[in-house]
Amino acid sequence: MSLRPVPFPFVPEATARVARAAFRKGCLAMRIRDELGPLFEDEQFARAFPRRGGPAWPPGQLALVSVLQFAEGLTDRQAADAVRGRIDVKYALGLELEDPGFDFSVLSEFRDRLIAHGLEELVLDRLLERVGALGLLRAGGRQRTDSTHVLAAVRMLNRMEFVGETLRAALETLAVAAPGWLRQIAAPQWFERYGKRIDSFRFPKGTDARQRWALAVGEDGFALLQAVDAPDAPAWLREVEAVQVLRVAWVQQYHRDEISVFLAYWYSRVPSSSPPSLAKKSFDNFLASLGATLVASSSAGRPSLQRRGACATARGAVRVLRTNVAMCPALSASLA
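The structure is reproduced here in structure tokens:
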């Protein structure tokens, strides 16, 4: 993506009118825009972008999105949805009401460019300092609000979403392919924890609470894999592609000993040593064969409505895994 500098946009009249009518007392995003105004010119980011290629989303706006994302504890997907659908965020960014926003992967690419070119401190620290000086962003207690912590916190949220959605996709696949077996081995809390898309709710605040959530998901994933590998489990379950993707993801995202489960590299970008060929084979085969496998398994003696449900689940699982591998740097690299 190339950088084509444009001035930070003024708030469009229609956006300002609707936002002020909806938020008569204001809100965080609107106050940041009103009290700080445009903070960055796109030229400040020039060295992070090539001269050729398609136009990139304005980096000054992405820097502001990153701060709002940290303040509200949003994943990349949730932040992109906020840009697309929230009036106050459109106001802060100077967007028209009908602006479609950007794909969530743009935020991860932006952070990578900042880090690769040493711009994270120049950009985010300046913005965070201005926001904090006006009392618009309060960390609370001893929580840090420097650029390093902001990037680490956002990265952890995205990995939480990644592992949660990967496990949920595996469970949904097994719910269609082997419903009776899954009912026998599933823990009661799985239905509540993974019954809805992970990006449909907010993660707990605070590093400790988030670690507990991530570790609980890790333990659930290991429990599912242990049940799949049990001698009395149908052998073909181990060949289900969603289970194979889950296995690869857990090797990269977690460590385990005889007693505990640990997070692997959740605060860094160190890749794991799991075989890239296994990850790529699992994912490619999954995309190629999951739909046919589930449709075939669902058609044996089931009514048409249930078959349609199985097809929808298959399509949903494909969509979840296709989009969410991008949130794990190690796994997405091995699948490239």
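If you're matching positions, the sequence shown starts at 1 in the UniProt record's numbering and goes up one per residue.
Ideal Cβ positions, reconstructed from N, Cα and C, are used throughout, including at glycine.
A80 and G101 do touch by the CB rule: their CB atoms are close to 6 Å apart, below 8 Å. Secondary structure note for F262: its beta strand (DSSP E) is the uninterrupted segment V261 to L263. Less than 7 Å separates the beta-carbon of V217 from that of V163. Shown here for Y91: same chain residues with a beta carbon closer than 8 Å to its own, the five before and five after excluded, namely V11, T15, A16, A19, A29, M30 and R33 in chain order. For H117, the secondary structure class from DSSP, reduced to helix, strand or coil, is coil. The three-state reading of DSSP puts R168 in helix, counting H, G and I together. Its chain contains Y194 as the residues whose beta carbon lies nearer than 6 Å to that of R168, once the 5 sequence neighbours on both sides are disregarded; these appear in chain order. Residue pairing from DSSP places H255 in a beta bridge opposite F262. Of L74, T166, D125 and T173, the smallest CA-CA separation from D220 is found for T166. Judged by beta-carbon spacing, R210 lies within the 7 Å limit of F203, meaning their Cβ atoms are closer than that value.
Pairing A63 with L119 gives a Cβ-Cβ distance that is not under 7 Å.
If you compare the alpha carbons of A133, T75 and E96 with that of S105, the shortest gap goes to T75. By the C-beta density criterion, A187 is exposed, having fewer than 16 other C-beta atoms within 10 angstroms. Around the beta carbon of S66, 16 or more other beta carbons lie within 10 angstroms, which makes this residue buried.
Put simply, of L174, W213, A21 and D103 the residue whose alpha carbon is nearest the alpha carbon of I87 is A21. In the structure shown, the three-state DSSP call for R130 is helix. The alpha carbon of R159 has as its nearest neighbour, out of S108, F191 and E35, the alpha carbon of S108. Within the model, the alpha-carbon separation for V176 versus A214 is close to 26 Å.
Ranked by Cα distance from W181, the first of E72, A227 and V248 is A227. Going by DSSP, L182 is part of the alpha helix (DSSP H) stretching over P179 to I185.
Residues of the same chain with a CB within less than 6 Å of the CB of P9, apart from the 5 flanking positions on each side, are G94 in chain order. For G37, the closest alpha carbon among the candidates R130, L97, R24 and P58 is that of R130. A check of alpha carbon separations from L263 across R247, Q244, R212 and A170 identifies R212 as the nearest.
Rounded to the nearest angstrom, the gap between the Cα atoms of G85 and E96 is 11 Å.
The residue among P7, F201, Q184 and R247 with its C-alpha nearest the C-alpha of Q61 is P7.
By alpha-carbon distance to K205, the top candidate from A178, L68 and G73 is G73. Taking a C-beta distance under 7 Å as the contact criterion, A223 and A170 do not qualify as a contact pair.
Between Y254 and V248, the C-beta gap is not smaller than 7 Å, which leaves the two residues out of contact.
Contact between P234 and A178 holds: CB atoms are separated by about 7 Å, below the 8 Å threshold. In the same chain as W250, and ignoring 5 residues on each side of it, the C-beta atoms closer than 6 Å to its own belong to G221, in chain order. Shown here for F70: same chain residues with a beta carbon closer than 7 Å to its own, the five before and five after excluded, namely V150, A153 and V154 in chain order. In the DSSP annotation of this structure, A230 is not part of any alpha helix (DSSP H), being labelled neither H nor E. Sixteen is the threshold: when 16 or more other Cβ atoms of the shown chains lie within 10 Å of the Cβ of R77, as they do, the residue is buried.
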